[in-house]
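In our numbering, the protein residues as written are 58 to 390. All remarks here apply to the structure that follows.
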């Protein structure tokens, strides 16, 4: 999930209005520094609910969406029905989402420096992964239960990092930094347990990287790409390929696995028809559709597109500030 706030996204894209190019470094820096200033609707008016029968229904594929406007996570059924509104505390600020094989829902909770885990049917919090002192941005889980968390910055606004949690652990087993990496955004595991991430330098240059070793990881391998990623968005891995979103280009770039420290040029460019600020995305199990979280579009809330063509299919509802999305079952890495 892409942590960069709704206000910061708009500020950055205003810097490249009409051109589609990279935002100026000054605009990047200003937006990043002010990322915590985004106003949002006070969440106290939201009434949480869970339609247990709907979530447990046969063929009840789920879509999970973080709504930054109300600090909630909404759960939608395969028929487009709203089955739940999850709200985890007055100081919470839910961001990145993922699910595991048991259909547990993981929520990176940047306001409380943790990741909360709901067990299906999501009526209560199962456990909390404590990432003290970090602005938890996005979360991923590999097939062994290893959890990878991108930390946007520290809570004292120092450079961010990647934290790993062993299966069933509530404290990190490893936290990995890199002097060139300042802002950490999104992450996803491949089938071998390597974690792919994106982020930015202090000057606003896009970074893509790989972290191997899980709890034994000590460094980030920064990967080159053969194209320009103007504004890094979501990260996913599907059928061995690495997918990275470009928010300002309303696109998803699909790369072959890295070779020689490079992802090379995209093998496919998916342009999302009608999207505005698709800050993150999730590939459905059959690999034929991609669901997005569009932070600026009150008419494209969690839009569904074909993959890899990017043709618009449908939406869940009209809404604001959709900043993360996950699906179950997801595509296999």
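For every residue, glycine included, the Cβ atom is placed at its ideal position computed from N, Cα and C. Predicted model only: the values in this text are computed from it and were never measured.
Mapping the DSSP letters down to three states, classify residue i as helix, strand or coil.
i           : result
residue 378 : coil
residue 357 : coil
residue 169 : helix
residue 117 : coil
residue 109 : helix
residue 271 : helix
residue 245 : strand
residue 70  : Because the pLDDT of residue 70 is 44, which lies under 50, any placement of that residue in the model is unreliable, and the number read from its coordinates should be weighed accordingly. Helix at residue 70.
residue 238 : coil
residue 104 : coil
residue 214 : coil
residue 201 : coil
residue 279 : strand
Excluding sequence positions up to five away, which residues of its chain have a Cβ less than 6 Å from the Cβ of residue i?
i           : result
residue 322 : 283, 284
residue 199 : 246, 250
residue 134 : 111, 117, 140
residue 82  : Legend: pLDDT at residue 82 = 40, less than 50; position of this residue unreliable, value from coordinates given subsequently. These residues qualify, in order along the chain: 260, 261.
residue 231 : 221, 272, 274
residue 371 : 361
residue 223 : 230, 272
residue 98  : Confidence is the limiting factor: at residue 98 the pLDDT is only 41, short of 50, which leaves the residue's position unreliable and the question unanswerable from this model.
residue 298 : 311
residue 216 : 239
residue 325 : 311, 365
residue 76  : Reliability of the predicted coordinates at residue 76 is poor, the pLDDT of 40 falling under 50, and the value obtained from them is presented with this limitation in mind. If we look at residue 76 and ignore the five residues flanking it on each side, it has no Cβ neighbours.
Taking Cβ positions only, does residue i come closer than 9 Å to chain B?
i           : result
residue 288 : The chain labelled as chain B is not found in the depicted structure, where only one protein chain is given.
Could you please give me the residues that DSSP links to residue i through a beta bridge?
i           : result
residue 301 : 292, 310
residue 178 : Bridge partners of residue 178: none, in fact.
residue 254 : 244, 266
residue 122 : 131, 382
residue 195 : 207
residue 142 : 106, 131
residue 184 : 174
residue 219 : 207, 233
residue 162 : 156, 175
residue 423 : Here the chain covers residues 58 to 390 and nothing more, so residue 423 does not appear.
residue 362 : 347, 369
For residue i, which residues from the same chain have a beta carbon less than 8 Å from its beta carbon, with the 5 sequence-adjacent residues on both sides left out?
i           : result
residue 106 : 141, 142
residue 267 : 251, 252, 253, 254, 277, 278, 280, 315
residue 109 : 178, 180
residue 23  : The displayed coordinates of the chain run from 58 to 390. Any statement about residue 23 would go beyond what the structure contains.
residue 389 : 248, 295, 296, 342
residue 319 : 280, 281, 282, 283
Give every residue of the same chain whose Cβ lies closer than 7 Å to the Cβ of residue i, excluding the five residues on either side of it in the sequence, and list them in chain order.
i           : result
residue 293 : 245, 300, 338, 339, 340
residue 184 : 174, 227
residue 188 : 170, 171, 172, 206, 208, 220, 229
residue 400 : The chain is shown only over 58 to 390; residue 400 falls outside these bounds and no answer can be derived.
residue 233 : 218, 219, 268, 274, 275, 276, 277
residue 369 : 330, 331, 360, 362
Since residue i and residue j should fall inside the 8 Å C-beta cutoff, what is the C-beta to C-beta distance between them, to a whole number of angstroms?
i           : j           : result
residue 121 : residue 382 : 7 Å
residue 130 : residue 164 : 6 Å
residue 123 : residue 350 : 7 Å
residue 153 : residue 195 : 3 Å
residue 313 : residue 333 : Going by Cβ atoms, the distance from residue 313 to residue 333 rounds to 29 Å, so no, they are not a contact pair.
Any heavy atom of the ligand HEM closer than 8 Å to the beta-carbon of residue i?
i           : result
residue 340 : By its list of ligands, the structure shown contains no ligand whatsoever, and the ligand HEM lies outside what it can speak to.
> At what residue ranges does the stretch 316-354 contain a whole run of the alpha helix (DSSP H), taking only runs of 4 or more?
Replying inline: Runs of the alpha helix (DSSP H) inside the stretch 316-354: none found.
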